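Visitor: Chains as they are written, first to last, in numbering that gives the first Met the number 0: chain A, 0 to 147; chain B, 0 to 164. Yeah, the Cβ is synthetic: ideal placement off N, Cα and C, and Gly gets one too. These figures come from a predicted structure and were not determined experimentally. This structure is in structure tokens; I'll ask about it shortly.
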Amino acid sequence: MMDDTDRAIINALQGGFPISETPFAEAGLALGLSEDELISRIAALRQSGVLSRFGPLYNADRFGGHNTLVAMAVPVDRFDQVAAQVNAFAEVAHNYQRDHHFNMWFVVAADSRARVEQVLTEVQAMTGLPVHDMPKLTEFHIGLKFEA
Amino acid sequence: MDVSARDLDVLAALGDGLPLCRHPYAELGAGIGMDEGEIIDRLTRLRQAGVIRRFGIIVRHHELGYRANAMVVWDVPDDQVAEIGQRLGRCPEVTLCYRRPRRLPDWPYNLFTMIHGKDRPAVEAAIALMAGREGVGHLPHQPLFSLRRFKQCGARYGQPRQAAE
Numbered sequence: 000m001m002d003d004t005d006r007a008i009i010n011a012l013q014g015g016f017p018i019s020e021t022p023f024a025e026a027g028l029a030l031g032l033s034e035d036e037l038i039s040r041i042a043a044l045r046q047s048g049v050l051s052r053f054g055p056l057y058n059a060d061r062f063g064g065h066n067t068l069v070a071m072a073v074p075v076d077r078f079d080q081v082a083a084q085v086n087a088f089a090e091v092a093h094n095y096q097r098d099h100h101f102n103m104w105f106v107v108a109a110d111s112r113a114r115v116e117q118v119l120t121e122v123q124a125m126t127g128l129p130v131h132d133m134p135k136l137t138e139f140h141i142g143l144k145f146e147a
Numbered sequence: 000m001d002v003s004a005r006d007l008d009v010l011a012a013l014g015d016g017l018p019l020c021r022h023p024y025a026e027l028g029a030g031i032g033m034d035e036g037e038i039i040d041r042l043t044r045l046r047q048a049g050v051i052r053r054f055g056i057i058v059r060h061h062e063l064g065y066r067a068n069a070m071v072v073w074d075v076p077d078d079q080v081a082e083i084g085q086r087l088g089r090c091p092e093v094t095l096c097y098r099r100p101r102r103l104p105d106w107p108y109n110l111f112t113m114i115h116g117k118d119r120p121a122v123e124a125a126i127a128l129m130a131g132r133e134g135v136g137h138l139p140h141q142p143l144f145s146l147r148r149f150k151q152c153g154a155r156y157g158q159p160r161q162a163a164e
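Printed below as a string of structure tokens:
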């Protein structure tokens, strides 16, 4: 179970982690925690699955990376099978079932646009279902910080 | 900025996250034959240049108690989408806001907003509140609630195994 200290760590460190010789000591100072205590708490949060990762969130656009959002209308009785086929691609970063005629929504991210398109072509060939890809045209906001 | 091959080595080494130890950048560098100072310089530049958007804890929102999320999609006239996108993007309810292409005739929506909440009624209430407050309730829109999450990992770049959103 998370306690108030864990929540304070999550709220303080979703960005802005120091890049220095002793970053945990520095970050701990602001939180009133020793270097070792902060390290072990982050390790425990990661172990519990609350953290998916401790590290960078990239802006793919800045280094030639490319990503897109893809929608598919998958027959309900084939849904799990198609999900397994799609998720097998390392380039698929998220996949959600949503309550709509287009019921499968996933993100494809790769080093190049060509590789993204190749993945889309392969998914279409493998499943026999049309894919609708909707790359972002404008980003108005990217907060995605969560209060713990 | 140009992202060099050496930068990509650093990003690739970070694919599984920062080591959790007292000198994580030294440890990261040890794995790829780079000293701590060079790692720190490169990462600092990559962050300043915006290649690294955020650096630190990346949460799984579901495990944090945000059990419901809806991708609310809007069909906004093209001449208004920039203005309305900016407005909705600033709303406290919205965690992501993108303009995307329509795929007619199947998909008429061109503005996507992601709204997270503790449960479905909370998300529905947030959508209604926002639509009323921002004066966008008359635009065709639909919430697509998440039923199941199959995969949530950061995208990975660089080699050998690369880590973006």
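Can you find a CB in chain A that lies within less than 7 Å of the CB of residue 139/B?
Guide: By this cut-off, residue 139/B is not an interface position.
Visitor: Residue 17/B CB to nearest chain A CB: under 7 Å?
Guide: With 7 Å as the cut-off, residue 17/B counts as an interface residue toward chain A.
Visitor: Per DSSP, residue 55/A forms a beta bridge with which residues?
Guide: Residue 55/A pairs with 54/B.
Visitor: Could you check where the alpha helix (DSSP H) with residue 125/A kicks off and where it finishes?
Guide: Per DSSP, residue 125/A belongs to the alpha helix (DSSP H) from 112-126.
Visitor: Counting C-beta neighbours from all protein chains within 10 Å, is the total for residue 76/B 16 or more, i.e. buried, or is it exposed?
Guide: It is exposed - the Cβ of residue 76/B has fewer than 16 other Cβ atoms within 10 Å.
Visitor: Please confirm if residue 104/B has its CB atom under 7 Å from at least one CB of chain A.
Guide: Not one chain A Cβ lies under 7 Å of residue 104/B.
Visitor: With a threshold of 16 other CB atoms inside 10 Å of the CB of residue 163/B, please say whether the residue is buried or exposed.
Guide: Here residue 163/B scores only 37 on pLDDT, less than 50, and its place in the model is too uncertain to base an answer on.
Visitor: Give the residues from the segment 25-44 of chain A that approach chain B closer than 7 Å (Cβ to any Cβ), ordered along the chain.
Guide: Answer in chain order: 34, 38, 41 and 42.
Visitor: Along the chain, which unbroken stretches of the alpha helix (DSSP H) at least 4 residues long are found entirely within the segment 7-62 of chain B?
Guide: Correct list: 23-31 and 35-47.
Visitor: Which residues does DSSP pair with residue 115/B in a beta bridge?
Guide: Its beta-bridge partners are 68/B.
Visitor: Decide if residue 15/A is buried, meaning its Cβ has at least 16 other Cβ atoms within 10 Å, or exposed.
Guide: Label assigned to residue 15/A: exposed.
Visitor: Residue range of the beta strand (DSSP E) that residue 132/A falls in?
Guide: Note, residue 132/A: beta strand (DSSP E), 131-133.
Visitor: Using the rule of at least 16 other Cβ atoms within 10 Å of the residue's Cβ for burial, across every protein chain shown, is residue 159/B buried or exposed?
Guide: Note that residue 159/B has pLDDT 32, beneath the 50 cutoff, so the model's placement of it is unreliable and no number is given.
Visitor: Quick check on the burial criterion: 16 or more other C-beta atoms within 10 angstroms. Buried or exposed for residue 145/B?
Guide: Result: buried.
Visitor: Can you tell which of 45/A, 28/A, 58/A and 44/A has the C-alpha that lies nearest to the C-alpha of residue 50/B?
Guide: Checked all of 45/A, 28/A, 58/A and 44/A; the closest Cα to residue 50/B is 58/A.
Visitor: Taking just the CA atoms, how far does residue 54/B sit from residue 40/A?
Guide: C-alpha separation (whole angstroms): 17 Å.
Visitor: Distance, Cα to Cα, residue 35/A vs residue 7/B?
Guide: So the alpha carbons of these two residues sit roughly 30 Å apart.
Visitor: Anything in the segment 57-71 of chain B with a Cβ closer than 7 Å to a Cβ of chain A? List those residues in chain order, please.
Guide: Correct list: 57, 58, 59, 60, 62, 63, 65 and 70.
Visitor: Does residue 83/B come within less than 7 Å of chain A when only Cβ atoms are used?
Guide: Answer no: the Cβ-Cβ gap between residue 83/B and chain A never drops below 7 Å.
Visitor: Which value, in whole angstroms, describes the spacing of the CA atoms of residue 19/A and residue 26/A?
Guide: Going by the C-alpha atoms only, they are around 10 Å apart.
Visitor: Pull the bridge partners of residue 67/A from the DSSP assignment, please.
Guide: Answer by DSSP bridge pairing, in chain order: 107/A.
Visitor: What is the DSSP secondary structure of residue 103/B, reduced to helix, strand or coil?
Guide: Residue state, collapsed to three classes: coil.
Visitor: Can you tell me which of the three DSSP states residue 32/A falls into?
Guide: Note: residue 32/A maps to coil in three-state DSSP.
Visitor: Please report the straight-line C-alpha distance between residue 5/B and residue 47/B, rounded to a whole angstrom.
Guide: Looking at the two C-alpha atoms, the distance is approximately 17 Å.
Visitor: Can you look up residue 123/B in the DSSP assignment and give me helix, strand or coil?
Guide: Reduced to three states, the DSSP call for residue 123/B is helix.
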